[in-house]
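Reviewing the structure listed below.
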Amino acid sequence: MKSVKDIKQSVRELKVESGEQIHGRILDKLRRSLDKSKEQTAEHQPNIWRTIMKSKIAKLTAVAAIFFAIGLFFVGHDRKEQIESYPKAEAVKSPAELTTFAALTFAYRQGEMKKVEQICDKAIAMAGPRPAGISVHELLEDFNGKVQKGQSYEK
Amino acid sequence: MLEDKLLIWKFKHGSNEALCRIYQKYGDYLLALAAALLQDVNAAEDVLHDVFCRFIESREKLKLAGNLKSFLATCTVNLARDRLRARKLRPCELCETIVADTNGPENYAVFGEQARSLSHAIAQLTYEQQEVIMLHVRGGMKFRQIAGIQGTSMNTVKSRYRYGLERLRKTLSDEENKNEIS
Chain D
26 MKSVKDIKQS VRELKVESGE QIHGRILDKL RRSLDKSKEQ TAEHQPNIWR TIMKSKIAKL
86 TAVAAIFFAI GLFFVGHDRK EQIESYPKAE AVKSPAELTT FAALTFAYRQ GEMKKVEQIC
146 DKAIAMAGPR PAGISVHELL EDFNGKVQKG QSYEK
Chain R
77 MLEDKLLIWK FKHGSNEALC RIYQKYGDYL LALAAALLQD VNAAEDVLHD VFCRFIESRE
137 KLKLAGNLKS FLATCTVNLA RDRLRARKLR PCELCETIVA DTNGPENYAV FGEQARSLSH
197 AIAQLTYEQQ EVIMLHVRGG MKFRQIAGIQ GTSMNTVKSR YRYGLERLRK TLSDEENKNE
257 IS
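So the sequences go chain by chain: D and R. Count along the first sequence starting at 1, add 25, and that's the number in the numbering used here. Count along the second sequence starting at 1, add 76, and that's the number in the numbering used here.
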C-alpha cells in the first residue's frame, strides 16, 4: 500500500513524455512571436496624446498648460495693442513737438502733472504767443537771431 | 526570486535569452500541470503556448508583484479551465473519448509507463481536487494562493487536498491489489 508521502513524491516527479520535442516546438514559436512583438512595438512609437490621456496628472497638467498659453496670448495681445496705440508717427512728425514731448516727459518725471503745468506756464510767459505750426528752427531763430554760416541748431 | 526579477526586467526589454531561460525554468512544470489537468498532451502543448504568447503580448504592461512561477501556473490553470469548459460546451466524439478513457493509450502517452497508474488515479479526482494537488504538491503553491485562484476559502482548498490525496491513495492501492491478484 502506497503512503501519502510516496504519492506526493510521485506527483512531484510527474513529467510529460516527449516533453523535449514539445518544448523545442513551443520555444521556436515563442521566439518568432517575441521578434514580431518587438517589431510591432518599434512601429507603434508612443503617441504623445495617448501618453497624456493615460494618466490623470498628465491630463491636468496639459489642461493647465493650455489655459496658461491662452492667458499669455491675451496678455501679449493687449500689450501689443497698447504699444501700437501710441501715435509715434505723429509725435516725431515735427521737431518742435518732439522737443516739447521730451521736455514734458522730463518735467513729468520730475514732478508729475504739477511740474508739467509749471513748465508750460513758464514757457508761455517767456516766449509769448506763437503760431501753432512753428518749427524748432524758427523758434530758435526767433530767440537767438538768424543762424550764421557754418552754424546749425538742428542736428 | 531575484533571478526571476532580473529575467522579467530583461524580458520586458525584449531579450530572447530571458524568455528562453524563463521557459526552460518553468516549461516542464507548466506542461505537466496542463497535461494533468487536461489529460491530453496536444491540448497541454496548446495551453502552454497560449500562456507564453499572452505573456509576450503583455510584456510592456506586465507588473509582477509576486512569484513568477505562481503567475504562470495561474495563467495555465485558467486557460486549461477555459479549454475544458469549451470542450464541455462543444461535445465531440474525440473529446469525449479523451475525457472518459483516462486509462487508454492517450493517457499512457502523457506521462509515460511509470506514471501511468498515477495519472490514471489523478484523472479519477474531481477537477478542483486535481488543481489543488498539482498546484500544491507539484508547484509548491500555498493553500491561500490556490484559494485565490479557485475563488473559495482556504478551508475548502485544504479539504479538497486532503480528500484528493486520500482518494489517490485508495485508487493506487486498489490497483496494486488487482495487479497482485492477477
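Ideal placement from N, C-alpha and C gives every residue a C-beta, glycine not left out.
Counting contacts by CB-CB distance shorter than 9 Å, is residue i in contact with chain R?
i, result
"Thr76 of chain D", "no"
"His48 of chain D", "yes"
"Lys63 of chain D", "yes"
"Leu97 of chain D", "no"
"Gly184 of chain D", "Any question about residue 184 of chain D goes unanswered here, given that chain D covers just 26 to 180."
"Thr66 of chain D", "yes"
"Lys103 of chain D", "The amino acid at residue 103 of chain D is misidentified as Lys; the sequence shows Asp. False, the Cβ-Cβ gap to chain R never drops below 9 Å."
Which class does residue i belong to by DSSP, given the choice of helix, strand or coil?
i, result
"Gly216 of chain R", "coil"
"Arg97 of chain R", "helix"
"Asp80 of chain R", "helix"
"Ser195 of chain R", "helix"
"Asn253 of chain R", "helix"
"Thr228 of chain R", "coil"
"Leu211 of chain R", "helix"
"His102 of chain D", "helix"
"Asn72 of chain D", "coil"
"Glu142 of chain D", "helix"
"Asp31 of chain D", "helix"
"Asn143 of chain R", "coil"
"Leu107 of chain R", "helix"
"Gly90 of chain R", "coil"
"Val41 of chain D", "coil"
"Thr202 of chain R", "coil"
"Ala157 of chain D", "coil"
"Glu136 of chain R", "coil"
"Gln46 of chain D", "helix"
"Gln221 of chain R", "helix"
"Ser80 of chain D", "coil"
"Asp60 of chain D", "helix"
"Gln135 of chain D", "helix"
"Asp53 of chain D", "helix"
"Asp116 of chain R", "coil"
Could you work out which residues of chain R lie near residue i, taking near to mean beta carbons separated by less than 7 Å?
i, result
"Ile73 of chain D", "Within 7 Å Cβ-Cβ: nothing; Ile73 of chain D doesn't reach chain R, min ~17 Å."
"Val29 of chain D", "Leu241, Arg245"
"Leu85 of chain D", "Those within 7 Å of Leu85 of chain D in chain R number zero; the least Cβ separation is about 23 Å."
Since residue i meets chain D, which of its residues come closer than 8 Å, beta carbon to beta carbon?
i, result
"Val213 of chain R", "Lys33, Val36, Arg37"
"Leu248 of chain R", "Lys27, Ile32"
"Leu194 of chain R", "Ile32, Ser35, Val36, Leu39"
Taking buried to mean at least 16 other C-beta atoms within 10 Å of its own C-beta, is residue i buried or exposed?
i, result
"Phe131 of chain D", "exposed"
"Gly240 of chain R", "buried"
"Lys27 of chain D", "buried"
"Phe99 of chain D", "exposed"
"Leu55 of chain D", "buried"
"Val29 of chain D", "exposed"
"Tyr102 of chain R", "buried"
"Tyr99 of chain R", "buried"
"Asp103 of chain D", "exposed"
"Glu93 of chain R", "exposed"
"Thr247 of chain R", "buried"
"Leu78 of chain R", "exposed"
"Ser249 of chain R", "exposed"
"Ser134 of chain R", "exposed"
"Gly215 of chain R", "buried"
"Phe87 of chain R", "buried"
"Glu136 of chain R", "exposed"
"Phe92 of chain D", "exposed"
"Asp146 of chain D", "exposed"
"Asp31 of chain D", "exposed"
"Glu45 of chain D", "exposed"
"Ser195 of chain R", "buried"
Can you check whether the C-beta of residue i is within less than 9 Å of a C-beta belonging to chain D?
i, result
"Leu241 of chain R", "yes"
"Ala132 of chain R", "Residue identity differs from the one stated: residue 132 of chain R is Ile in this sequence, not Ala. So, interface residue."
"Glu207 of chain R", "no"
"Val117 of chain R", "yes"
"Ala199 of chain R", "no"
"Glu79 of chain R", "no"
"Arg135 of chain R", "yes"
"Gly180 of chain R", "Model confidence at Gly180 of chain R stands at a pLDDT of 49, short of 50, so the residue's coordinates are unreliable and nothing is read from them."
"Glu204 of chain R", "no"
"Ala156 of chain R", "no"
"Ala111 of chain R", "yes"
"Met210 of chain R", "yes"
Under 8 Å Cβ-Cβ, which residues of chain R neighbour residue i?
i, result
"Arg56 of chain D", "Asn92, Leu95, Cys96"
At a CB-CB cut-off below 9 Å, which residues of chain R make contact with residue i?
i, result
"Ile51 of chain D", "Tyr99, Gly103, Leu107, Glu121, Leu124, His125, Phe128"
Report the neighbours of residue i on chain D: residues whose CB is nearer than 9 Å to its CB, in chain order.
i, result
"Ile84 of chain R", "Result: empty, since nearest Cβ-Cβ is about 14 Å, beyond 9 Å."
Anything in chain D within Cβ reach of residue i, meaning under 7 Å, just list it in chain order.
i, result
"Leu244 of chain R", "Ile32"
"Ala162 of chain R", "What Ala162 of chain R touches in chain D: nothing, since even the nearest Cβ is about 21 Å away."
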